[in-house]
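All the letters of the sequence shown, read from the start, carry residue numbers 89 to 205 under the working numbering.
All C-beta atoms, glycine included, are put in the ideal place defined by N, C-alpha and C.
Some notes on the structure that comes next.
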Amino acid sequence: MKHLPKHLRPRWRYLAVALETEPDTSLTRSDFQRAVWYAAGNLLGDAGSADADLRVLRFSFDAAAGEGTAAVRARHGEVRPARAALACVSEVGGDPIGLYVRGVSGTLRGCTEKYLD
89 MKHLPKHLRP
99 RWRYLAVALE
109 TEPDTSLTRS
119 DFQRAVWYAA
129 GNLLGDAGSA
139 DADLRVLRFS
149 FDAAAGEGTA
159 AVRARHGEVR
169 PARAALACVS
179 EVGGDPIGLY
189 VRGVSGTLRG
199 CTEKYLD
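Here it is in structure tokens:
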């Protein structure tokens, strides 16, 4: 199967997200991904969450400190709905969580170097 030409490929934006929980809370990437999808589905509906196409690409979490970071991918024109959906995430796996978007970048490398490292 051939690749699409560059002008036909989907364009993405990458959101750098900081995570905060109580210390000694176990949090996995799959649990966080499920919470993001659930929040997007509830806020944006099925069609809106499919348009945003939120995906957790990078995830790191220190359970002892209760802090972590994540890089979430969203479609180019759907950054505002993606930020709103992320703001609706209040708990992951029954544990309360606080998160905020540190910044938005056009590449995953730029996102991790500028906001997550």
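Problem - In chain order, each beta strand (DSSP E) run of at least 3 residues that lies wholly inside the segment 122-156 - result: Runs found: 143-150.
Exercise for the section: Spell out the partners DSSP gives Tyr188 in its beta bridges. Expected result: Per DSSP, Ala106.
Handout entry: Among Leu107, Thr195, Ala135, nearest to Ala175 - alpha-carbon criterion
Key = For Ala175, the closest alpha carbon among the candidates Leu107, Thr195, Ala135 is that of Leu107.
Exercise for the section: Can you give me the start and stop residues for the alpha helix (DSSP H) that Gly198 sits inside? Expected result: Secondary structure note for Gly198: its alpha helix (DSSP H) is the uninterrupted segment 196-199.
Problem - Secondary structure of Asp183, DSSP reduced to three states - result: In the structure shown, Asp183 sits in a strand (DSSP, three-state: E or B).
Problem - N-terminal and C-terminal residue of the alpha helix (DSSP H) that Pro169 is part of - result: Where Pro169 is concerned, the enclosing alpha helix (DSSP H) starts and stops at 167-175.
Exercise for the section: Give a yes or no on whether 8 Å exceeds the smallest Cβ distance from Pro169 to chain B. Expected result: The question asks about chain B, but that chain is absent: this structure has only one protein chain.
Handout entry: Secondary structure of Ser114, DSSP reduced to three states
Key = Assignment of Ser114 by DSSP, reduced to helix, strand and coil, places it in the coil class.
Problem - Residues bridged to Ser193 (per DSSP) - result: Under DSSP, Ser193 forms a beta bridge with Tyr102.
Practice task
Please name the residue in Arg97, Arg163, Ala152 whose C-alpha comes closest to that of Arg143.
Solution key: That would be Arg163, whose Cα lies nearest to the Cα of Arg143.
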